[in-house]
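Enquirer:
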Amino acid sequence: MKELTEIRKELDIVDRQIVELYKQRMELSDEVAAYKQQSGKPVYDKEREEEKLNTVVSLLEEDGLRKNGLNKDGLRQDALNGNSLKQGIRELFEQIMSISRKRQYQILNLARTDVTDRSLWVEKLPVSGRKVVFQGTDGAYSQVAMKEFFQDRCESFHVKTWRDAMETLVNNEADYAVLPIENTTAGIVSENYDLIAEYNHFIVGELVIKVDHALLGVKGASLNDITSVLSHPQALAQCSRFLEQNRNWKKVSMENTAVSARKVKEENKKSQAAIANRLTADIYGLDILAEKIVNVDTNETRFIIVSAKETYVENGDKISICFELPHESGSLYHILSHFIFNNLNMTKIESRPIPGRNWEYRFFADFDGNLQDFAVKNALTGIRNEARNFKLLGNYKQYEKRNGRG
75 MKELTEIRKE
85 LDIVDRQIVE
95 LYKQRMELSD
105 EVAAYKQQSG
115 KPVYDKEREE
125 EKLNTVVSLL
135 EEDGLRKNGL
145 NKDGLRQDAL
155 NGNSLKQGIR
165 ELFEQIMSIS
175 RKRQYQILNL
185 ARTDVTDRSL
195 WVEKLPVSGR
205 KVVFQGTDGA
215 YSQVAMKEFF
225 QDRCESFHVK
235 TWRDAMETLV
245 NNEADYAVLP
255 IENTTAGIVS
265 ENYDLIAEYN
275 HFIVGELVIK
285 VDHALLGVKG
295 ASLNDITSVL
305 SHPQALAQCS
315 RFLEQNRNWK
325 KVSMENTAVS
335 ARKVKEENKK
345 SQAAIANRLT
355 ADIYGLDILA
365 EKIVNVDTNE
375 TRFIIVSAKE
385 TYVENGDKIS
395 ICFELPHESG
405 SLYHILSHFI
415 FNNLNMTKIE
425 SRPIPGRNWE
435 YRFFADFDGN
445 LQDFAVKNAL
455 TGIRNEARNF
465 KLLGNYKQYE
475 KRNGRG
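Quick note on my numbering: the sequence shown kicks off at 75 and runs consecutively.
#1: Straight-line CA distance for residue 175 to residue 459?
#2: From residue 371 to residue 321, what does the alpha carbon distance come to, in whole angstroms?
#3: DSSP three-state call for residue 79: helix, strand or coil?
#4: Looking at the structure shown, is residue 248 part of a helix, part of a strand, or coil, going by DSSP?
#5: Can you list, in chain order, the stretches of the alpha helix (DSSP H) that have 4 or more residues and sit fully within the stretch 283-339?
#6: What do you reckon, are the CB atoms on residue 239 and residue 201 nearer than 8 Å?
#7: Short of 6 Å in beta carbon distance, which residues of its chain neighbour residue 346, apart from the five on each side in sequence? Order them along the chain.
#8: Our contact map puts residue 364 next to residue 350 with C-beta atoms below 8 Å; I'd like the distance itself, whole angstroms only.
#9: How about residue 355 and residue 290: do their beta carbons lie closer than 8 Å?
#10: Taking Cβ positions, are residue 391 and residue 293 nearer each other than 8 Å?
#11: In angstroms, rounded to a whole number, what distance separates the CA positions of residue 153 and residue 165?
#12: Note down the Cα distance separating residue 232 from residue 432, rounded to an integer number of angstroms.
#13: Count the CB pairs spanning the stretch 389-408 and the stretch 438-445 that are closer than 8 Å, and state whether there are at least three.
#14: Alpha carbons only, please: which of 381, 423, 376 and 448 is nearest the one belonging to residue 398?
#15: Could you give the first and the last residue of the continuous alpha helix (DSSP H) run that contains residue 454?
#16: Could you pull the start and end residues of the alpha helix (DSSP H) that residue 408 belongs to?
#17: Identify which residue in 263, 230 and 259 has its Cα closest to the Cα of residue 250.
#18: Looking at residue 340 and residue 234, is the spacing between their C-beta atoms short of 8 Å?
#19: Between which two residues does the beta strand (DSSP E) harbouring residue 375 extend?
#20: Counting beta carbon pairs with one atom in the stretch 261-273 and one in the stretch 240-247, are three or more of them shorter than 8 Å?
#21: Give, in chain order, every unbroken run of the alpha helix (DSSP H) that is at least 4 residues long and sits entirely within the stretch 412-446.
#22: Measuring straight from C-alpha to C-alpha, what distance separates residue 194 and residue 168?
#23: Note down, in chain order, each residue of its chain lying with its Cβ closer than 6 Å to the Cβ of residue 416, except the 5 sequence neighbours on either side.
#24: Mind checking residue 92: buried by the 16 CB within 10 Å criterion, or exposed?
#25: Taking the alpha-carbon positions, what's the residue 209 to residue 255 distance?
#26: Let's see if you can read the secondary structure: which residues bound the alpha helix (DSSP H) around residue 367?
#27: Can you find the residues in the same chain that come closer than 6 Å, C-beta to C-beta, to residue 276, ignoring five residues on each side of it along the sequence?
#28: Select from 334, 307 and 161 the residue whose C-alpha is nearest the C-alpha of residue 403.
#29: Just checking my contact of residue 192 with residue 228 at CB under 8 Å: how many whole Å lie between their CB atoms?
#30: Between which residues of its own chain and residue 219 is the CB-CB distance below 6 Å, once the five residues before and five after are set aside?
#31: Could you pull out every residue in the same chain whose Cβ sits closer than 6 Å to the Cβ of residue 263, ignoring the five residues on either side in sequence?
#32: Tell me whether residue 117 sits in a helix, a strand or coil according to DSSP, three-state version.
#33: Could you please give me the residues that DSSP links to residue 401 through a beta bridge?
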């Protein structure tokens with residue numbers, strides 16, 4: 075048996091050879107990119123790549139047959155060290171070809187100026203005098219987010235459902251809609267992810283609001299009087315530990331936390347309470363029966379500002395996209411590799427089932443960057459070419475509460 079040091083020396087020699095061959099292959103790939111740039115042929119040719127993968131795997135099989143002195147009919151399972159060697163060579167060449175495509179995208183993108191129409195860009199999001207819609211009623215967290223983002227420079231109104239809010243944009247009844255998209259405790263608002271995919275709207279801003287839930291009841295009510303608690307399912311989930319201490323309470327789902335508070339006020343029953351923003355107590359004249367009832371004190375909700383008008387903010391530092399993929403091994407892995415290759419930080423990925431297509435999924439991804447960055451252009455070129463039904467959802471600024479507004 076060879077000594078380990080001797081084996082390592084031989085490995086070093088092979089590795090140097092691999093590096094040299096890799097450089098040669100990438101140089102040839104650059105020539106392919108130049109040809110495709112001139113001819114207009116697409117970078118991604120799935121049929122050609124599959125043919126190439128089958129060819130390299132067959133080379134391995136032929137080599138195994140020669141070394142083992144076997145014909146194809148007499149090939150044993152261990153003649154090629156099982157399927158692992160075949161799978162390994164396939165994966166290796168999948169990666170080589172994937173890197174080759176990314177280099178070709180870079181070369182092609184060097185000749186491009188922008189991925190969007192410059193007329194769609196604005197220095198700052200226009201807000202003065204605009205109409206803004208939010209779901210719920212007075213006191214809803216969406217209203218709190220709206221006031222924080224737009225301050226007092228806009229007109230606002232509310233609708234019953236999130237779908238209604240999206241429809242107002244379609245009908246030009248509002249310029250912007252404020253939608254919750256994710257909570258740090260309860261997770262995503264799945265309905266709004268689906269609505270974003272369904273409607274041809276764009277994300278133009280984002281704001282994070284701290285959740286400050288309280289239990290609200292009519293004047294004179296106490297915790298001992300309560301038999302049912304009304305709130306949005308997300309709020310009920312965010313306060314699950316508090317509710318678990320009162321298992322005899324019936325939990326009633328409502329379309330909004332503020333709507334829950336209004337219902338408690340209107341029905342004026344001591345047995346009913348609502349989980350809502352503590353500020354809602356002043357709006358509807360309710361008593362605060364319990365404060366700070368969220369599971370986690372750092373509970374926050376992320377809201378997005380949506381517009382029917384395609385708009386990109388010059389200093390936007392966050393990009394959202396959605397796409398679909400074939401139901402094949404490695405398809406998501408290869409798409410995500412575009413972020414790695416271009417050194418982009420993906421901050422979130424979420425999947426949602428595609429209606430009418432059982433067990434197929436649509437992916438939503440957020441990552442740091444601006445559409446004018448070369449690395450972003452390159453990554454999006456690859457994803458757009460290799461995924462299905464790609465959609466750019468927005469390039470916007472992550473507005474922080476301490477900044478006051480966007």
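For each residue, glycine too, the CB sits at the ideal point set by N, CA and C.
Expert: To lay it out plainly:
#1: Roughly 10 Å between the two C-alpha positions.
#2: 22 Å
#3: Residue 79 falls in the helix class under three-state DSSP.
#4: coil
#5: At a cut-off of 4 residues, the continuous stretches assigned as alpha helix (DSSP H) that sit fully inside the stretch 283-339 are 307-312 and 314-318.
#6: With respect to the 8 Å criterion, residue 239 and residue 201 are not classified as neighbours on the basis of their beta carbons.
#7: 302 and 338
#8: The Cβ separation is near 12 Å, so there is no contact.
#9: Yes, they are a contact pair.
#10: no
#11: With a pLDDT of 48 at residue 153, under the threshold of 50, the predicted position of this residue should be treated as unreliable, though the coordinate-derived value follows. Taking the straight line joining both Cα atoms gives about 20 Å.
#12: Residue 232 and residue 432: Cα-Cα distance of roughly 35 Å.
#13: yes
#14: Considering only alpha carbons, the answer is 423.
#15: 448-460
#16: 405-415
#17: Just measuring C-alpha positions, the residue of 263, 230 and 259 sitting nearest residue 250 is 230.
#18: For residue 234 and residue 340, no; Cβs fall outside 8 Å.
#19: Taken as a continuous stretch (DSSP letters only), the beta strand (DSSP E) holding residue 375 covers 374-381.
#20: yes
#21: none
#22: Distance between the alpha carbons of residue 194 and residue 168: 37 Å.
#23: 449, 452 and 453
#24: exposed
#25: 13 Å
#26: Looking at the DSSP string, residue 367 is not in any alpha helix (DSSP H), and its letter there is neither H nor E.
#27: 381, 384 and 468
#28: Looking at 334, 307 and 161, the one whose alpha-carbon comes closest to that of residue 403 is 161.
#29: At roughly 26 Å, the Cβ-Cβ gap does not stay under 8 Å, so residue 192 and residue 228 are not in contact.
#30: 252, 281, 283 and 377
#31: Contacts found: 254 and 255.
#32: Three-state DSSP puts residue 117 in coil, outside helix and strand.
#33: DSSP lists no partner for residue 401.
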